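Let me begin by presenting the structure, written as structure tokens, before commenting on it.
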Amino acid sequence: MFSRTYKFVITTPPLLWVTVFLLVPYALMFCYSFWSVTPAQAIVHSWNLENYQELLQKSVYWETLLRSMWIAARVMVFSLLLGYPLAYFLSFYGGKRKDLLYQMVIIPLWVSYLVRAYAWKTILGSEGVLNTLLQYVHFTRHPLEFLLYSPFAVVLTLTHIYTPFAILPIYAALEHIPRNLVEASHDLGATPAQTFWKVIFPLSIPGVVAGATFAFVLSLGDFLAPLLLGGPSGIMISNIVVSLFGAAYNWPLGAAISLGMLLIVVSLLFLSERVEKKWSFS
Amino acid sequence: MSRPSNIPRSRWLLAHASVVFAFLYLPIAVLIFYSFNGQGVGGFPPHHLTLDWYRVLFSDGAIWDSVLNSLQVALAAMGISLTFGIPAALALDRAQFPGKALFRRLVLLPLILPGIITGLSLLMLFDLTGTKLSLVTIILGHGTALISVATTEVFAGLQKLDRAQEEASLDLGADYWQTFWRVTVPNLRLPIIGAALLIFTLSMDEIAVSFFLIGRDNTLPLEIWGRLRRGITPEINAVSTIIFIFSLVTIVVWYRLRLRSEGGVDVGTELLETSEDAVAAAASTR
Amino acid sequence: MTSSITTAGVPTVSNPSSTKATLLSIRNVAKNFGRNVVLRNVSLEIAEGEFLTILGESGSGKTTLLRIIAGFETATSGELWMGGERLDHQPPYRRRVNTVFQHYALFPHLTVEQNVAYGLRVAKRPAAEIAQRVTEALEKVKMTAYAKAKPAKISGGQQQRVALARALVNRPRLLLLDEPLSALDANLRRQMQVELKSLQREVGIAFVFVTHDQEEAMVMSDRIALLRSGELEQVASPPEIYRRPATAYVAQFIGHTNLLKAEVRGGVVHWGGVSWPSSLPDGPTLFSLRPEHIRLAGGALAPGAVRVRGRIVQRAFHGATELIRVRCADGQVLAVRTAGGSGVQDPVELEFLPADAIPVRESSERN
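Residue numbers (our numbering), protein chains in the order written: chain A, 1 to 282; chain B, 283 to 568; chain C, 569 to 935.
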């Protein structure tokens, strides 16, 4: 029905743009990772593997990466623990208010990341709302130091930011479960609890995997929360990259780390997609 | 019906839901509240409610400059995203071409990847080509990253579009170009407006990609960021409150539009192979 | 064992074979959804081992009634009793009742085998017993070859059999079927009707079958309960309900009929220029006359028969029979069923026996 010209016209411009501004940049990042920088802070296009050797040998990179993954893992787990019951509540108990409740879930998503991270900063500081409140009600006598400038603060803030991200796909998956399956399960003698574990949860797994991947991947690559709230012990891998593109001026090394992150992320996405396919039955 | 009638109402679920909603909203509530606090941020209980910080905000030139910059960027990014995102949706719906699967993934990737990767890769492109960093580079970054939003929304709209309408138009003598403007686009009005709203809001809030592509002029988030590095002032609370209200209004409007055009909010899952992509489509870019 | 026509508006109920005990007793069940009254005062006794069809148009409340029995809805008022206990106080997972859903509701993440085994697993039966009963059930519905397949891979008809097996394997006391054949094409449907009927005979469990298709109901049921706007019009066996419809609605819903608006005066029925004796009370009376009971008049008048003249308005060829519409003297149109291809001249003369004109109640208006 659509002529060849039509198809050509709708395909070519986006294809070109995406190639130039998405594909090529990734390829460039690949190239940069093999170059080096002179002490005079000039980037030299000499192809070598020094950056990768540096990454493999120096422990600071590994430690930071592992710490970042640990933080991301915690964010993922907490987001799921907080998010799944809420998604379930919304889907099965939402009733007439479902729309309103759904909006209440997505609104925080769209409120600026910065605003939300900043809010936590003001709450968790030693002069912050939480500390002064606790002292005011005589719950503690001194400000709790670990609240801010710690991995705790980073995990807390990122959980706050990414829980709605986890809720959405779980909710979508739950909504797709035909309600007559729940009835059928009851009809066959399963209690609500048994029905949840045998029917509802298995069918919601693709949503869970999606939400988990999302929370993990985005937390892993986050650099803003650590900068605002992480303190020296909350440095994450992206912060190293940021400094390499900033004061520590070593673009090639930064590119190498970024490439590594890209590979990790893409592998995780690929993996989670496989798992989701396996658990999707429609 | 949303639940079988014999299932007991669950108090625990309700309690959990309330706690999570509180967790999601309390920090923002605190922020807003303290923007009216005379003593500044921190300290409890708050004394002395005042509008001073808003007054300070309104006379702050640098903030307004950055707002203006952000608006320019958002509008331009909207233009780019729609210009390339709409044809992309059409292409995915109607054309077969080599590399289609790769293209689809590539377009959606910026939404799922941490912004730092998108930002840095573009930075390297600009560096290699000798492009100076400025608002233009930010516009290019936002526009590229947000194409996927336009594509997803329009693609979902295309699924609801009755092919027969376009066939009827062709049958009645209109050519492809005319059919596009007279039939296709009017039917896609709501998805396009929805996408535009979303892109605008996301661009206004965007910080991660902008971080690396910024030149001399700041966007609003980056201006705020700069001040944050220097210390907390309640003025920031004030501007954050205003941002929150704008986002709130925009998203509610977007959601209502979505409801109207689809009778339900199923976020373009037709285009996307996994629900993970669906989340990406529903989520903001960093 | 006769159905009687009452004047009080209470639906007629005829008992099934007096040797069958009552399994489920539905007493005065009513159901509202907000201000929408879906069921009003339904009472019904379902016998052990019988095949009962709840027949009705969409919106008649038949599915709601079924769901109340299954436990997915609670009646606004009324009671359900089974085996000497209140059934409606129990949640669906404790009732010895199983359902075959309209769209089968097979669990997509489980194989056919696992679907069928579901109820037994939940009841924690021993593995050997489960395996044996599942195999038996699959054999009964002829789906043994598909045991390891997932529902997405089998056809609609096959899914329906699996749904049946999944319900029956639990040996319920009552099986509910919610329009299970409506998604099948005509041929498959007819085949399944026969299979279901013989399956029911084989397992001996009471089946309550819901449908809007009156032909289906007639073919399969021991008894039909015709539901209209939330109330039972008539409950009787298919022959009974066909030959002695209680109301005009029943007469028209089941098969074709002609409704004669007649007047009884002094022991004589007057209609369309003819009359015949009757013992009915005076007043306007409605009669149901089936098209197959009207013959083309020829030769001598049969004893006691009545003749009317008319002009042919329409003829419809149905293969073995023909349905001819004839306009009679006072404007009423009669539908006449004759052998197909019979030579018919216009104007026609029609003949019928007054005994075939069954008096029926007017159906009350219900909103």
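A virtual CB, placed ideally from N, CA and C, is assigned to each residue, including glycine. For clarity, every value in this text was computed on a predicted model and none was experimentally measured.
I'd like to confirm the pairing. Which residues does DSSP put opposite residue i in its beta bridges?
{"i": "C/D746", "result": "C/V778"}
{"i": "C/R662", "result": "Per DSSP, none; premise fails for C/R662."}
{"i": "C/A830", "result": "C/T853"}
{"i": "C/A804", "result": "C/I792"}
{"i": "C/C896", "result": "C/G878"}
{"i": "A/H289", "result": "Residue coverage of chain A in this structure runs from 1 to 282, which leaves residue 289 of chain A outside it and unanswerable."}
{"i": "C/P845", "result": "C/V836"}
{"i": "C/I926", "result": "C/S856"}
{"i": "C/R974", "result": "Given that chain C is displayed from residue 569 to residue 935, the structure contains no residue 974 of chain C and the question cannot be resolved."}
{"i": "B/N500", "result": "DSSP output for B/N500 lists no bridge partner at all."}
{"i": "C/V916", "result": "C/G878"}
{"i": "C/E799", "result": "C/R796"}
Between the options, which has its C-alpha nearest residue i's C-alpha?
{"i": "A/E50", "options": "A/F270, A/Q41, A/V241, A/L253", "result": "A/L253"}
{"i": "A/F214", "options": "A/A73, A/S126, A/S204, A/L203", "result": "A/A73"}
{"i": "B/A344", "options": "B/T515, B/E505, B/A520", "result": "B/E505"}
{"i": "C/R858", "options": "C/I880, C/R812, C/D850", "result": "C/R812"}
{"i": "C/K721", "options": "C/P694, C/R693, C/S750, C/H677", "result": "C/H677"}
{"i": "B/I527", "options": "A/S112, A/S33, A/V60, A/R97", "result": "A/S112"}
{"i": "B/P309", "options": "A/S238, A/L271, A/W120", "result": "A/W120"}
{"i": "A/V115", "options": "B/N519, B/S363, B/L539", "result": "B/N519"}
{"i": "A/L15", "options": "B/I399, B/G497, B/S363", "result": "B/S363"}
{"i": "C/F920", "options": "C/F821, C/V928, C/R929, C/T906", "result": "C/T906"}
{"i": "B/D347", "options": "B/P503, B/S529, B/L530, B/I533", "result": "B/P503"}
{"i": "B/S571", "options": "B/T426, B/V521, B/K414, B/W536", "result": "A question about residue 571 of chain B goes unanswered here, because the residues of chain B that appear run from 283 up to 568."}
{"i": "A/I123", "options": "B/F315, B/L530, B/G508", "result": "B/F315"}
{"i": "B/V301", "options": "A/V105, A/F2, A/L229", "result": "A/V105"}
{"i": "C/Y661", "options": "C/Y810, C/G624, C/D850, C/P740", "result": "C/P740"}
{"i": "C/K765", "options": "C/M788, C/A695, C/M711", "result": "C/M788"}
{"i": "C/L946", "options": "C/V912, C/Q900, C/G899", "result": "This structure cannot speak to residue 946 of chain C, because chain C is shown only from 569 to 935."}
{"i": "C/R757", "options": "C/F775, C/G725, C/L767", "result": "C/G725"}
{"i": "A/G246", "options": "B/S529, B/T515, B/I496", "result": "B/I496"}
{"i": "C/T632", "options": "C/H824, C/A814, C/D914, C/K599", "result": "C/K599"}
{"i": "C/S645", "options": "C/G834, C/G687, C/L795, C/I594", "result": "C/I594"}
{"i": "C/V597", "options": "C/P852, C/D781, C/E641", "result": "C/E641"}
Taking 6 Å as the limit between beta carbons, can you name the residues of its chain near residue i, skipping five residues before and five after?
{"i": "C/A511", "result": "Chain C is shown from 569 up to 935; residue 511 of chain C falls before or after that span and cannot be answered."}
{"i": "C/V668", "result": "A731, L732, A735, L745, P748"}
{"i": "C/V578", "result": "Any answer about C/V578 is weak, because its pLDDT of 45 lies below 50 and its placement is not dependable; what the coordinates show is given next. Once the five neighbours on either side are set aside, C/V578 has no close Cβ partner at all."}
{"i": "C/A870", "result": "none"}
{"i": "A/A210", "result": "P169"}
{"i": "A/V199", "result": "L181, S185"}
{"i": "C/E799", "result": "R608"}
Give me, in chain order, the residues of the same chain whose beta-carbon lies closer than 8 Å to that of residue i; leave out the 5 immediate sequence neighbours on both sides.
{"i": "C/A589", "result": "A615, E616"}
{"i": "A/A353", "result": "Outside the shown range of chain A, which is 1 to 282, sits residue 353 of chain A, and nothing can be said about it."}
{"i": "B/G361", "result": "G425"}
Within the same chain, show all residues whose beta-carbon is closer than 7 Å to that of residue i, passing over the 5 residues directly before and after it, in chain order.
{"i": "C/E917", "result": "A865, R875, R877"}
{"i": "A/N309", "result": "The displayed coordinates of chain A run from 1 to 282. Any statement about residue 309 of chain A would go beyond what the structure contains."}
{"i": "B/V355", "result": "L417, I420, I421, H424, S485, T501"}
{"i": "B/I429", "result": "S363, F366, G367, A370, V389"}
Legend entry - Every unbroken alpha helix (DSSP H) within the segment 83-156 of chain A, with a cutoff of 4 residues, ordered by chain: Runs found: 98-110, 113-124, 129-136.
Inset, instruction - Can you check the segment 719-763 of chain C for any alpha helix (DSSP H) of at least 4 residues that lies completely inside it and give the ranges in chain order? - result: With a minimum length of 4 residues, the unbroken runs of alpha helix (DSSP H) contained wholly in the segment 719-763 of chain C fall at 724-736.
Legend entry - the segment 666-697 of chain C: positions lying closer than 7 Å to chain A by Cβ: For the segment 666-697 of chain C, residues whose beta-carbon sits nearer than 7 Å to a beta-carbon of chain A comprise N666, T667, F669, H671, A673, F675, P676, H677, Y686, G687, V690, A691.
Legend entry - 3-residue-minimum beta strand (DSSP E) runs that sit fully inside the segment 578-631 of chain C, ordered along the chain: Within the segment 578-631 of chain C, the complete beta strand (DSSP E) runs of at least 3 residues are 590-601, 604-615, 619-624.
Inset, instruction - May I ask you to list, following chain order, the residues of the segment 250-261 of chain A that have a beta carbon less than 8 Å from some beta carbon of chain B? - result: So the close ones are W251, G254, A255, S258, M261.
Legend entry - Within 8 Å of chain B by C-beta, residues of the segment 113-126 of chain A in sequence order: Listed by position, the residues of the segment 113-126 of chain A near chain B (Cβ gap below 8 Å) are Y113, L114, V115, R116, Y118, A119, W120, K121, T122, I123, G125.
Inset, instruction - Taking a Cβ distance cut-off of 8 Å, strictly less, list which residues of the segment 651-664 of chain C are near chain A, in chain order. - result: When CB distances to chain A are screened at a threshold of 8 Å, the residues of the segment 651-664 of chain C falling below it are P659, P660, Y661, R662, in chain order.
Legend entry - Short-range partners of chain A found in the segment 738-763 of chain C, where Cβ spacing is below 8 Å: Listed by position, the residues of the segment 738-763 of chain C near chain A (Cβ gap below 8 Å) are N738.
Inset, instruction - At 4 residues or longer, and completely inside the segment 218-269 of chain A: list those alpha helix (DSSP H) runs for me, N to C. - result: 237-244, all fully within the segment 218-269 of chain A.
Legend entry - Residues, ordered as in the chain, of the segment 433-456 of chain B that lie near chain A by beta-carbon distance below 9 Å: The residues in question are T433, R445, E448, E449, L452.
Inset, instruction - Go through the segment 643-705 of chain C residue by residue and report every complete run of the beta strand (DSSP E) that reaches 3 residues or more, in order. - result: Contiguous beta strand (DSSP E) elements confined to the segment 643-705 of chain C occur at 645-650, 665-668, taking only those with 3 or more residues.
Legend entry - Runs of beta strand (DSSP E) wholly within the segment 343-425 of chain B (minimum 3 residues, chain order): Runs found: none.
Legend entry - Every unbroken alpha helix (DSSP H) inside the segment 9-62 of chain A [4 residues or more]: As far as the segment 9-62 of chain A is concerned, its whole alpha helix (DSSP H) runs of at least 4 residues are 24-32, 50-57.
Legend entry - Residue ranges of each alpha helix (DSSP H) within the segment 439-490 of chain B, 4 or longer: The segment 439-490 of chain B contains these whole alpha helix (DSSP H) runs: 445-453, 458-461, 471-487.
Legend entry - Contacting positions in the segment 764-778 of chain C - beta carbon closer than 8 Å to chain A: Those residues of the segment 764-778 of chain C that come within reach of chain A (Cβ to Cβ, closer than 8 Å) do not exist; the list is empty.
Inset, instruction - Could you list the residues in the segment 188-215 of chain A with a C-beta less than 7 Å from some C-beta on chain C, going in chain order? - result: For the segment 188-215 of chain A, the set of residues with a beta-carbon nearer than 7 Å to any beta-carbon of chain C comprises L188, G189, A190, T191, Q194, V199, P202, L203, in chain order.
Legend entry - Near-chain B residues of the segment 4-15 of chain A (beta-carbon distance less than 8 Å), N- to C-terminal order: Within the segment 4-15 of chain A, the qualifying residues are T5, Y6, K7, V9, I10, T11, P13, P14, L15.
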